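Structure first, commentary second.
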Amino acid sequence: MVSVLIMVAIVTITPSNADTGNNCDSSYPTVCIAPPPPDLDCKDIPHRNFQVQSPDPHKFDDDEDGIGCEKK
Numbered sequence: 171m172v173s174v175l176i177m178v179a180i181v182t183i184t185p186s187n188a189d190t191g192n193n194c195d196s197s198y199p200t201v202c203i204a205p206p207p208p209d210l211d212c213k214d215i216p217h218r219n220f221q222v223q224s225p226d227p228h229k230f231d232d233d234e235d236g237i238g239c240e241k242k
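Under my numbering, think of the first position of the sequence shown as 171, with each following residue one higher.
This is the structure we're talking about:
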């Protein structure tokens, strides 16, 4: 009797900066940032220069140009 061992690998590929969680605010579609509360500031998150859509509850886009936490 010949035994055959079959191994199956399931790989999940997740975009590194896409909105992948259930607790991600849709105002920030390219990064996962939780909706308030708490209110977050740029100093509280690692992301810079990311897309922001209205309503921007955390106010990451001060100049309303669609880019959040711009490096100055």
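Virtual Cβ for every residue (Gly too), placed ideally from N, Cα, C. For clarity, every value in this text was computed on a predicted model and none was experimentally measured.
Between the Cα of Cys-195 and those of Ile-215, Gly-238, Pro-227, spot the shortest distance and give me the residue it belongs to. The sequence shown places Asp at residue 195, rather than the Cys named in the question. Relative to the Cα of Asp-195, the nearest Cα in the group Ile-215, Gly-238, Pro-227 belongs to Pro-227.
Neighbourhood of Val-154 by C-beta distance below 7 Å, restricted to the same chain and skipping five residues each side: Beyond the ends of the chain as shown, which are 171 and 242, falls residue 154; an answer cannot be given.
My guess is that Glu-234 and Asn-219 are in contact by the Cβ rule of under 8 Å, so how many angstroms apart are they, rounded? 15 Å between Cβ atoms; not a contact.
To which residues of the same chain is Leu-209 closer than 7 Å at the C-beta, ignoring the five residues directly before and after it? Looking at the sequence provided, one finds Asp at residue 209 rather than Leu. Cβ neighbours of Asp-209 beyond the five flanking positions: His-228.
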